[in-house]
Amino acid sequence: MTDNIPLQPVRHKKRHDNKRRDGCCPWSRCCGGGDFRPRTVWLGHPEKREQRYPRNVINNQKYNFFSFLPGVLFNQFKYFFNLYFLLLACSQFVNELRLGALYTYWVPLGFVLIITIVREAVEEIRCYLRDKEVNSQIYSKLSTRGTVKVKSSGIQVGDLIIVEKNQRVPADMIFLRTSERNGSCFLRTDQLDGETDWKLRLPVACTQRLPTAADLLQIRSFVYAEEPNIDIHNFIGTFTREDGDPPVNESLSIENTLWASTVIASGTVVGVVIYTGKELRSVMNTSNPRHKIGLFDLEVNCLTKILFGALVVVSLVMVALQHFAGRWYLQIFRFLLLFSNIVPISLRVNLDMGKMVFSWMIKKDSKIPGTVVRASTIPEQLGRISYLLTDKTGTLTQNEMVFRRLHLGTVAYGMDSMDEVQSHVFSAYTQPPHDQASRAPGATKVRKTISSRVHEAVKAIALVHNVTPVYESNGVTDQAEAEQHYEDTCRVYQASSPDEVSLVQWTESVGLTLVGRDQSSMQLRTPSGQILNFTILQIFPFTYESKRMGIIVRDESTGEITFYMKGADVVMAGIVQYNDWLEEECGNMAREGLRVLVVSKKSLTEEQYQDFEARYIQAKLSVHDRSLKVATVIESLEMEMELLCLTGVEDQLQADVRPTLEILRNAGIKVWMLTGDKLETATCTAKNAHLVTRNQDIHVFRPVTTRSEAHLELNAFRRKHDCALVISGDSLEVCLKYYEYEFMELACQCPAVVCCRCAPTQKAQIVRLLQERTGKLTCAVGDGGNDVSMIQEADCGVGVEGKEGKQASLAADFSITQFKHLGRLLMVHGRNSYKRSAALSQFVIHRSLCISTMQAVFSSVFYFASVPLYQGFLIIGYSTIYTMFPVFSLVLDKDVKSEVAMLYPELYKDLLKGRPLSFKTFLIWVLISIYQGSIIMYGALLLFESEFVHIVAISFTSLILTELLMVALTVQTWHWLMIVAELLSLACYIASLVFLHEFIDVYFIATLSFVWKVTAITLVSCLPLYILKYLRRRFSPPSYSKLTS
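Using this note's numbering, you'd call the opening residue of the sequence shown number 5 and step up by one each time.
So this is what it looks like as structure tokens:
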């Protein structure tokens, strides 16, 4: 076979994680730093601690009062060019090297440093005030003196803290008591895990039974807690009461915790603090994202290195032409100082200020409201994106679930036949069980079977979930009354997943309503208004590893114990009894874009349940390998379960997803969809969103587990042309393990790629591989906590504020409210930012090279003397008040209107080649600078009459006018501020001539001779360029000019 891939093992790069777990200082344990250890925490007795714990302060500042100035200066001077300018300025203290007044070198450097210091100081002060606000929040603490007030920063491990409704939890705590009658509370965790849905938390049973909260101080009890770690979804610990008879031991899990940064959503709670400060779960999960440096900045850096090389060469040439006479090494230094303008000190400041303007423009754009720029250093990156990697749920889709299908194997019910389901449920609860009246006994039996199966399925869906009905006052009925009478109008469902809410809302629509729930019971209302009571014996919550959730309930009216379970088809296929339709129907429903859940049940006898409960409690009390032991006990129940039904819910597309994806495709951006959802659903969404166009084939990568399978499948894929790839996370891992280079080469040729069943770390790995293999810029878009790693890894991270909370948008470089805003963000703002930055950087370089060329000509004419042409204020004024505003006004320039940029996304494609700032354009600007500098200097030398000051007057005025005219030549669309900047700069120069009599002859300026000489020199320096620009526009116009004419 000719197209075989050679079997070459992949060498993986090692990635080192240098994260240290230090206190505030590495040499002391003042902060409770060092190794983390498990702990025993006595309730209400912080003084009984076995080790030192960190203070409960939040500190997000980079510096403190003493380290601020040294820290900022160090961060500035660790870059070569800032250090270079510092050395230049310091060299002026040496008499042999001094070229002019000290301020000519120190003022520009000081200006740059002051801007940086002020910017850093503002950020630090904002950070300090935010931290202070959090650390100063007041909480109530239970103590022997009663309830006392304490600041958040004064809370210690072992304190008993009272947290009110809607109050932030100040430290990681174990939940001991609640004021809620149902004996549980809800938490809002969106600031911790990015999920907006409420979480149910349960207090320690022993402390909840105490008569009052004050009794917590009267009992001898302690909590044993595992060492602090970053896992916010798990916790292992035990609660022990020693003075009980017998002593009480209770296992503690994630359900008994209140992590810091969450908010209490119901009732008032009391908890004991177990972790503070740096040991908080939320603090340990705050990773410092990599500092992103834009590709544009790296390119500019490269150009400045070339300029520095030119500076050294010019200095050496000057000394060589003097035949290295005398103290030639001092002359080299003097020439390095003399031509130091070749490397423009103002380049960095201009670009940074430009980026701030671009960020402000993005924020103020009324067409993309709510957009936030969190990384103002990389807006021009948005103009060069080659790969866009997007999440599916909540990003391309709305994360609003609608129930679409109930499948029982032999019969399926869609949206148009839900009334049949309703009638089956109604008949199940209204007809007496012995009623068999019908003329056709066979028909009755079939109908009854279907009816009972539908009823069983609906009842299971109404019971197997984590949804809690919450009653709120609606102005007419108050909360207590609504709760008592199960008022339909006041009821709101809360759950940790929108899928669950949609299922419970559907059971309500067909007649079986969830009306009440606490930690030990559930109430359903039948179509006839009867209340069914169920006792919750056990609940096994959903996890990403298990991909299923289960519940064991006892029907109060019959005493029957039933174990219900629902989960993904992948795991449930091995749990339910053998059947011949599950796999096929799951595939069919997934192809329609539905999210499928499999629902099953198993009846248990009292003995079976008692045996299970004893083993389960024993497993939960173990401290080592608890999760493994618990999972083993639960799995003993999960066998031969009866398959009841499949449910299908649909996640609808976001507004304008299709046109946005089409714009991106036409702009030359390849879109990859990375999702945790199943293959069929992901494929369907890709087709639905037109990520894969109708005339494109789709190659579904078969599941592979070994190297040889991956090899065969890659060869099969290699023969396909222009087809989209769909691959699962497991197969992707195998391919990347053995054939990383070959797989990425093939995938990058695809018009679209869909990766399903992707873990968060895999998403980040794909981004990293794309960057390494292609060298192109990537943009990652997501809306949930599971997208954060991908967003932080990409060159541009965009977070969508959605149903899953704000974690992604807070971690991103840019935050948008809808996916459709991405089109304008890239096509308009990204394109403009890049083109404007390129123009600005090249113009600043041109401005510096012009004056350096003039200095070189001047020195060479006067026998290679290292004497400055312009001194004092002239040299400072040239790059500041005389030319700064017109040059900086280029940040307002645009080649086409935003509507045209959106209508013709092909314009964006031109930027992907990096033409606005390339070696070619840089060379053109260098040649222009040399031409103009030479013409101005030789012209001034040719036309001056008697005095040296006349050379200065003629050349400097011509230089200023040339710069202003060159800005006018470069501008493509005039803005009124550009005209103001040009006129203001000219006025400033003319007005300042009065004060410049020591450099310029004021009387000479007023003569006609001066005016014609300056005019002639300026015309010769600028007119040829205007003619060339006209000819180029006439005979070889750029692509955008065809659209504007």
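Ideal Cβ positions, reconstructed from N, Cα and C, are used throughout, including at glycine.
Below 7 Å CB to CB, which residues in the same chain sit around residue i once its five sequence neighbours on both sides are set aside?
i, result
"Ser-1043", "Leu-911 and Asp-914"
"Val-696", "Ala-690, Ile-702, Ala-728 and Ala-756"
"Glu-259", "Arg-205 and Leu-206"
"Ala-869", "Ser-863"
So residue i is in the alpha helix (DSSP H); what residue range does that whole segment cover?
i, result
"Lys-1017", "1012-1039"
"Ile-855", "835-865"
"Tyr-143", "Per DSSP, Tyr-143 belongs to no alpha helix (DSSP H); it is in the beta strand (DSSP E), 142-147."
"Val-975", "From DSSP, Val-975 is part of no alpha helix (DSSP H); its letter is neither H nor E."
"Lys-924", "923-947"
"Asp-369", "Segment: none, Asp-369 is in no alpha helix (DSSP H) and carries neither H nor E."
"Ile-820", "Taken as a continuous stretch (DSSP letters only), Ile-820 belongs to no alpha helix (DSSP H), being part of the beta strand (DSSP E) at 818-820."
"Arg-123", "107-139"
"Gly-881", "877-883"
"Met-888", "888-892"
Considering only residues of the same chain and omitting the five flanking positions on each side of residue i, which have a CB-CB separation below 6 Å?
i, result
"Asp-791", "Asp-395 and Ala-812"
"Pro-4", "It is not possible to answer for residue 4, since the shown part of the chain is limited to 5 through 1049."
"Arg-761", "Ser-732 and Gly-733"
"Val-361", "Val-895"
"Asn-289", "Ile-234"
"Ala-623", "Lys-633, Val-634 and Val-637"
"Lys-449", "For Lys-449, the predicted model reports a pLDDT of 46, less than 50, meaning its position is unreliable; a value from the coordinates is still stated below. Cβ neighbours of Lys-449 beyond the five flanking positions: none."
"Arg-59", "Gly-281"
"Pro-174", "Tyr-143, Ser-156 and Ile-159"
Considering just the uninterrupted stretch of the beta strand (DSSP E) at residue i, what are its terminal residues?
i, result
"Asn-64", "Premise fails: Asn-64 is in no beta strand (DSSP E) and is neither H nor E."
"Asp-176", "176-182"
"Lys-606", "598-608"
"Leu-911", "Counting along the chain, Leu-911 falls outside any beta strand (DSSP E), though it belongs to the alpha helix (DSSP H) covering 910-915."
"Ser-996", "Premise fails: Ser-996 lies in the alpha helix (DSSP H), 980-996, not in any beta strand (DSSP E)."
"Glu-254", "252-256"
"Trp-676", "674-678"
"Pro-473", "472-475"
What is the C-beta distance between residue i and residue j, in whole angstroms, given that I count them as a contact (C-beta under 8 Å)?
i, j, result
"Arg-457", "Leu-412", "6 Å"
"Leu-718", "Ser-344", "Between Ser-344 and Leu-718 the Cβ distance is about 56 Å, and since that is not below 8 Å, they are no contact."
"Phe-721", "Leu-750", "6 Å"
"Lys-145", "Ile-165", "6 Å"
"Gly-806", "Ala-816", "About 12 Å separates the two Cβ atoms, so there is no contact after all."
"Leu-518", "Ala-466", "6 Å"
"Thr-244", "Ser-225", "6 Å"
"Ile-297", "Ser-319", "Between Ser-319 and Ile-297 the Cβ distance is about 30 Å, and since that is not below 8 Å, they are no contact."
"Pro-920", "Asn-670", "The Cβ separation is near 20 Å, so there is no contact."
Alpha carbon to alpha carbon, how far is residue i from residue j?
i, j, result
"Lys-924", "Cys-688", "46 Å"
"Gly-591", "Asp-573", "10 Å"
"Val-161", "Val-277", "5 Å"
"Phe-538", "Gly-786", "40 Å"
"Pro-112", "Gly-672", "42 Å"
"Met-970", "Glu-986", "11 Å"
"Tyr-391", "Leu-341", "45 Å"
"Pro-1041", "Ser-841", "22 Å"
"Glu-114", "Phe-69", "At residue 114 the sequence reads Gly, which differs from the Glu that was named. Using only the alpha carbons, I get a separation of about 21 Å."
"Val-376", "Asp-135", "21 Å"
"Phe-889", "Phe-818", "28 Å"
"Tyr-109", "Tyr-745", "51 Å"
"Ser-640", "Asp-615", "11 Å"
Nearest chain C C-beta to residue i closer than 8 Å, yes or no?
i, result
"Val-274", "No chain C is present in this structure, which holds just one protein chain."
Taking 8 Å as the cut-off, does the region 351-364 touch the region 843-852 (at least 3 CB pairs, one atom from each stretch)?
Contact between the region 843-852 and the region 351-364 is present: 3 or more CB-CB pairs across the two stretches fall below 8 Å.
Under 8 Å: do the region 559-574 and the region 600-613 share three or more Cβ pairs, one atom per stretch?
With a cut-off of 8 Å, the region 600-613 and the region 559-574 count as touching, because enough Cβ pairs lie within range.
Pairing CB atoms from the region 201-216 with CB atoms from the region 178-186, are three or more of them under 8 Å?
Enough Cβ pairs lie closer than 8 Å, so yes.
The region 1016-1033 / the region 958-966 touching (three or more Cβ pairs under 8 Å)
Output reads yes: the region 958-966 touches the region 1016-1033.
Can at least three beta-carbon pairs, one atom from the region 390-410 and one from the region 646-657, be found at a separation below 8 Å?
Taking 8 Å as the limit for Cβ pairs, the verdict is that the region 646-657 does touch the region 390-410.
Is the region 832-843 in contact with the region 317-334, if contact means three or more CB pairs nearer than 8 Å?
Here the region 832-843 makes no contact with the region 317-334; the two share fewer than three CB pairs at distances below 8 Å.
Does the region 876-884 come close enough to the region 375-389 to have 3 or more Cβ pairs within less than 8 Å?
Touching, no, given that fewer than three Cβ pairs across the two stretches are closer than 8 Å.
On the three-pair Cβ rule with 8 Å, is the region 920-938 touching the region 850-861?
The answer is yes - the region 850-861 touches the region 920-938, with three or more Cβ pairs under 8 Å.
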